[in-house]
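Taking our numbering, the leading residue of the sequence shown gets 225, the next gets one more, and so forth. Glycine is no exception: its CB is placed at the ideal position from the N, C-alpha and C atoms.
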Amino acid sequence: MQRARWTSLTARLPAGTVQVGLGLGLFGLSSYVFLAIGARHLGPEKFAVLSTLWVLIYTGGPGVFLPFEQAIGRAIAVHRADPAQERAVVRTLIRTSTVALAILLVIAVALHGVLVDRLFDGSEATYAALLIATVGMWGAYVTRGIFAGHDTYAAYGAQLAIEGVIRMVVGVAAVALAWSLAGFTLGMALALVISVIVTLGPTRGGHQREFDVTVTEEDPGRRTQLTILAWLIVGALAMQILVNIAPVIAKAAPGQSPGVAGRYLGGLMVARLPLFVFAAVQAALLPGLAHTVADGDRRALRRQLGNLFALVGAGMGLFTGLLAIFGPTLVGAMYGHGYGMGRGDLTLMAAGTAVAMLAIVAGNAVVAVGSAALSAGAWTLSVVVLVAVVVLMPGSLFLRLELSYVAGGIAALAGQLLALFARARAGATTSQDGINTWLT
């Protein structure tokens with residue numbers, strides 16, 4: 225009976241959710257273990273530097289490279305019957321992702337002084353970790369796209385799990401060997417790179433062609449493809465800014481105590497616990513929606529979205545209630561003295577996470593029906609709202625950051641739903657100017 229219930233539950237989720245979820249569970253656990261160890265070992269002031277690096281890596285990396293993972297996965301999945309077309313699209317994507325990596329590295333070099341002096345408190349090792357992790361993020365998202373496209377979700381989950389295990393080992397070693405901030409930052413970056421190298425095996429053999437980036441002929445739809453990709457990057461980066469940027473604002477804001485960014489990240493990590501679970505769904509969400517849209521089954525699409533909205537809404541409602549009761553105790557237990565957060569702070573953060581997750585579901589659907597530009601516009605609107613609340617509202621910085629998270633999430637959700645309804649009323653399934661053009 226229990227097995228039947230489990231099968232019924234997992235059947236409602238996109239394919240690959242369980243395999244990715246197992247790896248992501250270990251990855252998420254390692255994140256909390258690593259940050260909790262860092263908070264206790266380094267203290268609020270140095271932990272603020274570690275938390276700032278964390279946010280930059282896990283904002284810029286997914287913001288720029290997650291669209292490549294999604295696009296590579298869709299291209300491989302849709303073009304399995306046409307290997308030549310698959311190779312042409314994937315080659316273009318990998319080449320373009322390499323250009324994006326180069327641009328990020330150039331920007332990081334140009335901003336060396338600002339990053340080291342303003343955000344990293346003079347730590348050159350933290351700056352080096354940022355560069356290493358940026359390269360690692362590129363490799364991770366390209367390989368994960370190949371894993372998702374070929375349904376090798378075990379390898380996808382393994383990559384996440386390996387990074388998590390190495391990161392926990394780094395945290396324990398840092399305490400045992402009395403490492404400084406540099407040990408934490410460089411260890412975190414190297415864990416990401418090593419996880420990519422170890423899991424390269426499943427991309428070889430039958431999948432080796434995806435890494436052959438030699439272009440033999442010009443793709444006539446290349447300009448359209450790159451335009452769509454640009455919108456995907458804008459949307460993903462804006463989404464990551466909405467969810468992650470608050471600790472960086474707290475670190476850079478004048479007149480704040482040195483440890484304020486670390487305190488904020490401590491509370492935010494607890495309030496964002498459901499995002500780690502949801503990321504397992506998101507990894508397989510867009511390929512599944514794209515298949516449904518390509519089949520022209522609007523009823524199945526509505527059913528998929530309804531199930532996801534119900535799961536996210538119910539789960540976040542329960543989580544927010546529990547966090548309001550037990551949240552302050554949990555934050556104190558995880559991060560120790562000096563990282564206390566009130567119930568109101570944590571409830572607002574959880575509310576922001578809830579609406580952001582609903583917006584992510586709706587945004588994936590908007591992209592799947594061929595409106596990457598509209599989805600990017602909704603995420604960009606959320607960042608505009610976030611900035612407006614932080615700058616214009618009175619009150620403490622903490623309160624403004626929390627309210628900006630909620631307001632930005634609401635703006636994103638409203639924008640995505642309006643775009644989705646507009647496409648539905650227009651009868652859109654496989655738009656000729658949308659993302660599915662890339663896949664045909």
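Check: In this structure, how does DSSP classify Pro563 when only helix, strand and coil are distinguished?; Outcome: Note that residue 563 is Tyr in the sequence shown, not Pro. It is coil, neither helix nor strand.
Check: Taking Leu499 as the reference, which of Gln528, Gln464, Gly530, Pro478 has the closest Cα?; Outcome: Gln464
Check: Give the secondary structure of Asp221 by DSSP, where H, G and I count as helix, E and B as strand, and everything else as coil.; Outcome: Beyond the ends of the chain as shown, which are 225 and 664, falls residue 221; an answer cannot be given.
Check: Apart from the five residues on each side of it in sequence, which residues of its chain come closer than 6 Å, Cβ to Cβ, to Val484?; Outcome: Ala474
Check: Distance, Cα to Cα, Leu354 vs Ser275?; Outcome: 12 Å
Check: For Leu644, which three-state DSSP category applies?; Outcome: helix
Check: Here's the rule I'm using: 16 or more other beta-carbon atoms within 10 Å means buried, otherwise exposed. How should Ala379 be labelled?; Outcome: buried
Check: Can you give the Cα-Cα distance for Gly262 and Pro268, rounded to whole angstroms?; Outcome: 9 Å
Check: Among Gly490, Val359, Glu348, Phe645, whose alpha-carbon lies nearest the alpha-carbon of Leu328?; Outcome: Val359
Check: Evaluate Leu532 with the Cβ neighbour count: other Cβ atoms within 10 Å of its Cβ, from every protein chain shown; 16 or more gives buried, anything less gives exposed.; Outcome: buried
Check: For a test of the three-state rule: what should DSSP assign to Thr376, helix, strand or coil?; Outcome: coil
Check: Helix, strand or coil for Leu677, going by three-state DSSP, please let me know.; Outcome: With the chain running from 225 to 664 in the structure shown, residue 677 is simply not present.
Check: Leu188 and Ala470 look like a contact to me (Cβ under 8 Å); what is the Cβ gap, rounded to whole Å?; Outcome: The requested residue 188 is not part of the displayed model; the chain covers only 225 to 664.
Check: Closest to Gly491 by CA distance: which of Val314, Ala548, Trp455 is it?; Outcome: Ala548
Check: How should Ile331 be labelled, buried or exposed, when 16 other C-beta atoms within 10 angstroms of its C-beta is the threshold for buried?; Outcome: exposed
Check: Would you check if the distance between the CB atom of Thr579 and the CB atom of Leu529 is smaller than 8 Å?; Outcome: The question names Thr, but residue 579 is Val in the sequence shown. Not closer than 8 Å, so no.
Check: For a test of the three-state rule: what should DSSP assign to Met617, helix, strand or coil?; Outcome: coil
Check: Rounded to whole angstroms, what is the Cα-Cα separation between Gly537 and Ala460?; Outcome: 22 Å
Check: Please classify Thr604 as buried or exposed, where buried requires at least 16 neighbouring CB atoms within 10 angstroms.; Outcome: buried
Check: Is Ser595 helix, strand or coil when you go by DSSP?; Outcome: coil
Check: Where do the ends of the alpha helix (DSSP H) carrying Ile327 lie?; Outcome: 307-334
Check: How far does the alpha helix (DSSP H) with Val494 in it reach, from first residue to last?; Outcome: 484-495
Check: Once the 5 residues before and after Ala334 are set aside, which same chain residues still bring their CB inside 6 Å of it?; Outcome: none
Check: Per DSSP, what kind of secondary structure is Thr423 in: helix, strand or coil?; Outcome: coil
Check: Is the distance from the Cβ of Ala583 to the Cβ of Ala636 below 8 Å?; Outcome: yes
Check: State the CB to CB distance for the pair Ala596 and Leu456, rounded to an integer number of angstroms; the pair is presumed to be in contact (CB under 8 Å).; Outcome: 5 Å
Check: Give the straight-line distance between the Cα atoms of Gly395 and Leu525, rounded to the nearest whole angstrom.; Outcome: 43 Å
Check: Run through DSSP, which three-state label would Ile356 get?; Outcome: helix
Check: For Ala382, collect the residues of the same chain with a Cβ closer than 7 Å to its Cβ; drop the 5 residues on either side in sequence, then sort them by chain order.; Outcome: Gly247, Thr423
Check: Helix, strand or coil for His667? Go by DSSP, reduced to three states.; Outcome: The requested residue 667 does not occur in the structure, where the chain is confined to residues 225 to 664.
Check: What is the DSSP secondary structure of Leu401, reduced to helix, strand or coil?; Outcome: coil
Check: Given this structure, state the Cα-to-Cα distance separating Ala357 from Ile281, to the nearest angstrom.; Outcome: 7 Å
Check: CA-CA distance, Glu387 and Ser419?; Outcome: 5 Å
Check: Going by CA-CA distance only, name the one from Leu598, Gly373, Tyr629, Leu339 that's closest to Ala612.; Outcome: Tyr629
Check: Using 10 angstroms around the beta-carbon of Leu384, count the other beta-carbons present and answer buried if the total reaches 16, otherwise exposed.; Outcome: buried
Check: Between which two residues does the alpha helix (DSSP H) carrying Val472 extend?; Outcome: 470-476
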